[in-house]
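Chains X and P are the protein sequences, given in the same order.
The first sequence begins at 1 in the working numbering and counts up one residue at a time.
The second sequence begins at 1 in the working numbering and counts up one residue at a time.
By construction, the Cβ of each residue, glycine as well, lies at the ideal position given by its N, Cα and C atoms.
Treat the numbers as computed from the prediction; the structure is a model and nothing was measured.
One structure is given here, and the rest of the page talks about it.
Protein chains: 2
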Amino acid sequence: MSTSPQESVRRQNLAALLRYVHVRGATSRAELTTRLGLNRSTIGALTADLATAGLIDEGVPHETGRAGRPSIVVTPRSSSVYGYALSLELDRLRAARIGLGGKVLDTRTAERPPGPDTAPTVRALAALVAGMHATAPAGAMFVGSAIAVSASVRHHLGWTDETIASPLASALAPHLGARSPIVGGLADLAALAEHTRGAATGADNVIFVHGDAGISAGIIAGGRRITGYGGHGGEVGHMVVNPGGRLCGCGSRGCWEAEIGERPLLRLAGRPVPTAGAAVVTAVQHARGGDPDALAAVLHAADWLGFGVANLVNIFNPTVVVFGGTLRELYLIAPAPVHRRLESMALAACRDHVALHTPDLGDDAPLVGAAELAFESLLADPLSR
Amino acid sequence: MSTSPQESVRRQNLAALLRYVHVRGATSRAELTTRLGLNRSTIGALTADLATAGLIDEGVPHETGRAGRPSIVVTPRSSSVYGYALSLELDRLRAARIGLGGKVLDTRTAERPPGPDTAPTVRALAALVAGMHATAPAGAMFVGSAIAVSASVRHHLGWTDETIASPLASALAPHLGARSPIVGGLADLAALAEHTRGAATGADNVIFVHGDAGISAGIIAGGRRITGYGGHGGEVGHMVVNPGGRLCGCGSRGCWEAEIGERPLLRLAGRPVPTAGAAVVTAVQHARGGDPDALAAVLHAADWLGFGVANLVNIFNPTVVVFGGTLRELYLIAPAPVHRRLESMALAACRDHVALHTPDLGDDAPLVGAAELAFESLLADPLSR
Numbered sequence: 001m002s003t004s005p006q007e008s009v010r011r012q013n014l015a016a017l018l019r020y021v022h023v024r025g026a027t028s029r030a031e032l033t034t035r036l037g038l039n040r041s042t043i044g045a046l047t048a049d050l051a052t053a054g055l056i057d058e059g060v061p062h063e064t065g066r067a068g069r070p071s072i073v074v075t076p077r078s079s080s081v082y083g084y085a086l087s088l089e090l091d092r093l094r095a096a097r098i099g100l101g102g103k104v105l106d107t108r109t110a111e112r113p114p115g116p117d118t119a120p121t122v123r124a125l126a127a128l129v130a131g132m133h134a135t136a137p138a139g140a141m142f143v144g145s146a147i148a149v150s151a152s153v154r155h156h157l158g159w160t161d162e163t164i165a166s167p168l169a170s171a172l173a174p175h176l177g178a179r180s181p182i183v184g185g186l187a188d189l190a191a192l193a194e195h196t197r198g199a200a201t202g203a204d205n206v207i208f209v210h211g212d213a214g215i216s217a218g219i220i221a222g223g224r225r226i227t228g229y230g231g232h233g234g235e236v237g238h239m240v241v242n243p244g245g246r247l248c249g250c251g252s253r254g255c256w257e258a259e260i261g262e263r264p265l266l267r268l269a270g271r272p273v274p275t276a277g278a279a280v281v282t283a284v285q286h287a288r289g290g291d292p293d294a295l296a297a298v299l300h301a302a303d304w305l306g307f308g309v310a311n312l313v314n315i316f317n318p319t320v321v322v323f324g325g326t327l328r329e330l331y332l333i334a335p336a337p338v339h340r341r342l343e344s345m346a347l348a349a350c351r352d353h354v355a356l357h358t359p360d361l362g363d364d365a366p367l368v369g370a371a372e373l374a375f376e377s378l379l380a381d382p383l384s385r
Numbered sequence: 001m002s003t004s005p006q007e008s009v010r011r012q013n014l015a016a017l018l019r020y021v022h023v024r025g026a027t028s029r030a031e032l033t034t035r036l037g038l039n040r041s042t043i044g045a046l047t048a049d050l051a052t053a054g055l056i057d058e059g060v061p062h063e064t065g066r067a068g069r070p071s072i073v074v075t076p077r078s079s080s081v082y083g084y085a086l087s088l089e090l091d092r093l094r095a096a097r098i099g100l101g102g103k104v105l106d107t108r109t110a111e112r113p114p115g116p117d118t119a120p121t122v123r124a125l126a127a128l129v130a131g132m133h134a135t136a137p138a139g140a141m142f143v144g145s146a147i148a149v150s151a152s153v154r155h156h157l158g159w160t161d162e163t164i165a166s167p168l169a170s171a172l173a174p175h176l177g178a179r180s181p182i183v184g185g186l187a188d189l190a191a192l193a194e195h196t197r198g199a200a201t202g203a204d205n206v207i208f209v210h211g212d213a214g215i216s217a218g219i220i221a222g223g224r225r226i227t228g229y230g231g232h233g234g235e236v237g238h239m240v241v242n243p244g245g246r247l248c249g250c251g252s253r254g255c256w257e258a259e260i261g262e263r264p265l266l267r268l269a270g271r272p273v274p275t276a277g278a279a280v281v282t283a284v285q286h287a288r289g290g291d292p293d294a295l296a297a298v299l300h301a302a303d304w305l306g307f308g309v310a311n312l313v314n315i316f317n318p319t320v321v322v323f324g325g326t327l328r329e330l331y332l333i334a335p336a337p338v339h340r341r342l343e344s345m346a347l348a349a350c351r352d353h354v355a356l357h358t359p360d361l362g363d364d365a366p367l368v369g370a371a372e373l374a375f376e377s378l379l380a381d382p383l384s385r
């Protein structure tokens, strides 16, 4: 059955309104009227439909101190409309229940079961979700789930999106039903989160560079996620910056991650190299405390961090670069070498409007980004469910 | 006045239909019915409106040899609906009159007047257009103009889009009226052209690497042009690939264009270094003829070409890379080193589906791409003029 033009416009307006309050939070009807370019009676009809569907609340705000009748405020029902967001990293698993509007309602963390087999990891992820699901309020509305997978998991374990998606869907089905989790890259989803509600809000050209055992980037260009043909874009860790440099795990020499990744940093600092990113935080603390080996390693990595960022700035002409994971620590202790390289290597036209940041959402950025994917089908067509 | 939902849907359908025949050429009404998901009477009403507006022709095809009534064929009126496309390079100016459907109707070329002042160049470009405009058929419909500006012009002359756009608009106004020309990057527009009707048709993730005095890239990601915040994205020539390498004009050391640009190539080949790209074609011919210095220079540049392409493939995960300008010659004479670097340096997941090409549209790619910009407002809303 084809949809009438009127119905199609109504659906577009419902989607635009729900997305607006999902991203901006509580909003007055007066503001919605202005922002969406619709008249008051149309806004009233749309909010009534969304309230009936249980997606928003409407209410009169508390005393505003201003004269006149206050405009009714529309609020996303964060506590009763939610998705599950998962994160799969080399050394740990995370899961969160996140409400409409991006509110983190519950989080769980576990170590990743060791070994190259996906089954124990999938079981552990499902257990985290089951634990949260058991305590979710009765009658609350589950809208979808998504998982952020670190590029290091792909490289070090050889797992692909396909090898994770299907067993995870089966493991979650007893709890969540047949709707499969959506898979995304960890840096991609962190970029999406910071772009939607973090350090890069309002910026259409953003690079989120994430460091763990490897380096990868999430890229927003022209306001949209750039992931490449097979979703493998953003493998900036294997951009070769130093042809005479160290051998990388991928077989090339002088890859960016062979200069700024956690393993080379720890090796250069004379530290043992475990698989946990926490060791980098410790090394950075030692550098801050004056340990000369740790400081030399940190300055080396920060210099090369700026080097690679300058390349990316010349390629993408972004306005915001965000440093996440271990790179957050590295940038915070040694911002000067990063800025110096950027100044000397990036073209003025490309770097003139760029700002360097750490994530507003901290370590939660990949989870909040995964939740954006989980909400996507609801936000695209709110009443189709 | 607000537009009714019905009228808004009709305009979207008119735009979709005109864009389809603009990109695909002559198309039967039967195919349009299928491709646009509309019924026969709607298609008939839309094509009648577009025919009345002088944008398309409808006709019965010649004998098809098949039984039954042949479907009426819809053809863009290439000869009487046109835009002007200009190209501003370091050493030459080009201009074309290009018909709806991307048909090149007329082209002109001139040397760029020497010197750092924009005025003589703007006058020369306007003269090329005036010459073509005088011979355009009476009653033909001019829909817009655009200019492709080489990144080398920005770097070597310091000209910006703003310093070119405004005087060019003034110089063209006596001939073309008040509609200002749109400015785009030469590699960006070449990428758009090859994506729309060339070697990258159907590919959503494309890199067009263009070589002249410098190296720049046009990038299509997720089906859309990626140009960055200020339109300066794609400055891949200043991606540093060799930190210990040659000093680049930008002040950095080891930029990609300092390894594969036409000047270093000619210098390494022991040739004088003029400003014209034709000298590179000659050097490549000498290499083909067995000249050892020219061959060594070509192999060196081809090796580094593959090196930088591998970096870009890791960053963008494209399916098509197109080599234009002097890089076309370089790739054609020495494809093996390029493929070898790509195989050894790019991650399998990123390079698995990538194909390397030269431009289907040859040297016309930037002009055909500029024409796409010139047609954009017509294609977005065909009857609004």
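Checklist entry - Which class does Y20(P) belong to by DSSP, given the choice of helix, strand or coil? => result helix
Checklist entry - Between which two residues does the alpha helix (DSSP H) carrying T52(P) extend? => result 40-52
Checklist entry - Quick one: does A380(P) have its CB under 8 angstroms from some CB of chain X? => result no
Item to check | Through-space distance from V104(X) to R92(X), alpha-carbon basis | outcome: 19 angstroms
Checklist entry - In chain order, what residues of the same chain have a beta carbon less than 6 angstroms from the beta carbon of G270(X), not counting five sequence neighbours either side? => result D293
Item to check | Completely contained alpha helix (DSSP H) runs for the segment 215-289 of chain X, where each covers 4 or more residues | outcome: 256-260, 262-268, 278-288
Item to check | Close beta carbons around R40(P), own chain, < 6 angstroms, minus the five adjacent residues each side | outcome: T33
Next on the checklist: Rounding to the nearest angstrom, what Cα-Cα distance links E162(X) and I182(X) in this structure?
Outcome noted: 11 angstroms
Next on the checklist: Against chain P, with Cβ distances strictly below 8 angstroms, would A221(X) count as a contact?
Outcome noted: yes
Next on the checklist: With a threshold of 8 angstroms on Cβ separation, who are the neighbours of Y331(P) within its own chain once the five nearest residues in sequence on each side are excluded?
Outcome noted: A302, L305, F323, V338, L356, T358
Checklist entry - Quick one: which chain X residues come within Cβ less than 8 angstroms of R224(P)? => result G222, R224
Item to check | Contact between the segment 8-15 of chain P and the segment 208-224 of chain X (3+ Cβ pairs under 8 angstroms) | outcome: no
Item to check | Through-space distance from G198(X) to N205(X), alpha-carbon basis | outcome: 14 angstroms
Next on the checklist: I'd like to know if N311(P) contacts chain X, where contact means its C-beta is closer than 8 angstroms to some C-beta of that chain.
Outcome noted: yes
Checklist entry - What's the gap between the Cα of A130(X) and the Cα of R77(X)? => result 22 angstroms
Checklist entry - How would you label T227(P), buried or exposed, when you count the other beta carbons within 10 angstroms and need 16 or more for buried? => result buried
Next on the checklist: Quick check on DSSP: helix, strand or coil for G149(P)?
Outcome noted: First, the amino acid is wrong: residue 149(P) is Val here, not Gly. Three-state result, V149(P): strand.
Next on the checklist: Is Q285(P) close to chain X? Criterion is C-beta to C-beta, closer than 8 angstroms.
Outcome noted: no
Checklist entry - Helix, strand or coil: which one does DSSP assign to G99(P)? => result strand
Item to check | Beta-carbon separation (whole angstroms), M132(X) vs A173(X), contact threshold 8 angstroms | outcome: That belief does not hold up - the Cβ atoms of M132(X) and A173(X) are roughly 16 angstroms apart, past 8 angstroms.
Checklist entry - Is DSSP giving L379(X) helix, strand or coil here? => result helix
Next on the checklist: DSSP three-state label for V9(X), please.
Outcome noted: helix
Item to check | Within-8 angstroms CB hit, S150(X) to chain P | outcome: no
Item to check | Proximity to G127(P) [Cα-Cα], best of E111(P), G308(P), A190(P), A348(P) | outcome: In the sequence on display, residue 127(P) carries Ala and not Gly. Measuring from the Cα of A127(P), the nearest candidate turns out to be E111(P).
Next on the checklist: Which residue wins for smallest C-alpha separation from I215(X), given the options D352(X), A30(X), L327(X)?
Outcome noted: L327(X)
Checklist entry - Any C-beta of chain X sitting closer than 8 angstroms to the C-beta of Y229(P)? => result yes
Next on the checklist: Would A213(P) and E259(P) qualify as a contact pair, given that the criterion is a beta-carbon distance under 8 angstroms?
Outcome noted: no
Item to check | Pair within 8 angstroms by beta-carbon distance, I98(P) and L379(P) | outcome: no
Next on the checklist: Below 8 angstroms on the Cβ atoms is my contact criterion, and I expect I315(X) with G234(P) to pass it. Report the Cβ-Cβ distance as a whole number of Å.
Outcome noted: 7 angstroms
Checklist entry - What span of residues does the alpha helix (DSSP H) with H353(P) cover, start to end? => result No alpha helix (DSSP H) contains H353(P), which DSSP labels as neither H nor E.
Checklist entry - Near R24(X), what residues of its chain come up, given a Cβ to Cβ distance below 7 angstroms and the 5 sequence neighbours on each side ignored? => result none
Item to check | Within chain P, the residues that T42(X) reaches when beta carbons sit closer than 9 angstroms | outcome: Result: empty, since nearest Cβ-Cβ is about 11 angstroms, beyond 9 angstroms.
Checklist entry - Since N205(X) meets chain P, which of its residues come closer than 7 angstroms, beta carbon to beta carbon? => result G228, Y229
Item to check | Cutoff 8 angstroms: M1(P) Cβ touching any chain X Cβ | outcome: Confidence at M1(P) is low in this model, with a pLDDT of 45, below 50, so the placement of that residue is unreliable and no value is reported for it.
Item to check | T42(P) and R29(P) closer than 8 angstroms at C-beta | outcome: no
Item to check | chain X contacts made by the segment 232-244 of chain P, where a contact means CB separation under 9 angstroms | outcome: H232, G233, G234, E235, V236, G237, H238, M239, V240, V241, N242, P243, G244
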